[in-house]
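Before any comments, here is the structure.
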């Protein structure tokens, strides 16, 4: 795929509990994107601190951590042309009440009276963040540098 890039989609615990995994995947595939990796995972505090590293010191981080550990989430690597921007737009506005109908959040998420933002999905907002986030949720796919073997002789 020319100009192909990867992005991360997390179906958050509320999206998993509500049964939206299939519909979210269907929307991604209908747009012509490839699902190149997918797994169900329970988030750890270490993963969440790495993922939300810019929010760890914020007073609301504990709420994010509690929310993201309420149940399993589904981590998905999506590949395609200009996929980062397109999938981020497909997710809709962060705040469910501001998300347009036809977006994932506009159709499935809703504001909660307790004030905790539960918005069904996370999508990477830049290529750099996608690379960083994929490494957090799919460490087994990270390319590891290998030391050259000294005994290797080329003939």
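Numbering (the UniProt record's numbering), first residue to last: 1 to 155.
Every residue, glycine too, gets a C-beta built ideally from N, C-alpha and C.
From residue 19 to residue 58, what does the alpha carbon distance come to, in whole angstroms?
31 Å
- Are residue 13 and residue 73 touching if we call contact CB-CB under 7 Å? yes
Measuring alpha carbon to alpha carbon, tell me which of 96, 116, 117, 113 ends up nearest residue 107. 96
| request: Return the bridge partner residues of residue 5 from the DSSP annotation. | output: Its beta-bridge partners are 80.
Less than 7 Å between the C-beta atoms of residue 123 and residue 99, yes or no? No; because the gap between Cβ atoms is not below 7 Å, this pair is not in contact.
> Taking Cβ positions, are residue 7 and residue 121 nearer each other than 7 Å?
Replying inline: It is not a contact, given that the beta carbons lie outside the stated cut-off.
Between the Cα of residue 54 and those of 9, 129, 37, 67, spot the shortest distance and give me the residue it belongs to. The residue with the shortest Cα to Cα distance from residue 54 is 129.
Quiz prompt | Sequence-distant residues of its chain with Cβ nearer than 7 Å to residue 40 (five each side left out) | solution = 72, 74, listed in sequence order.
> Does the distance from the C-beta atom of residue 11 to that of residue 21 stay below 7 Å?
Replying inline: yes
Exercise for the section: Look up residue 87 in the DSSP assignment and say whether it is helix, strand or coil. Expected result: In this structure, DSSP gives residue 87 a helical state, which the three-state scheme calls helix.
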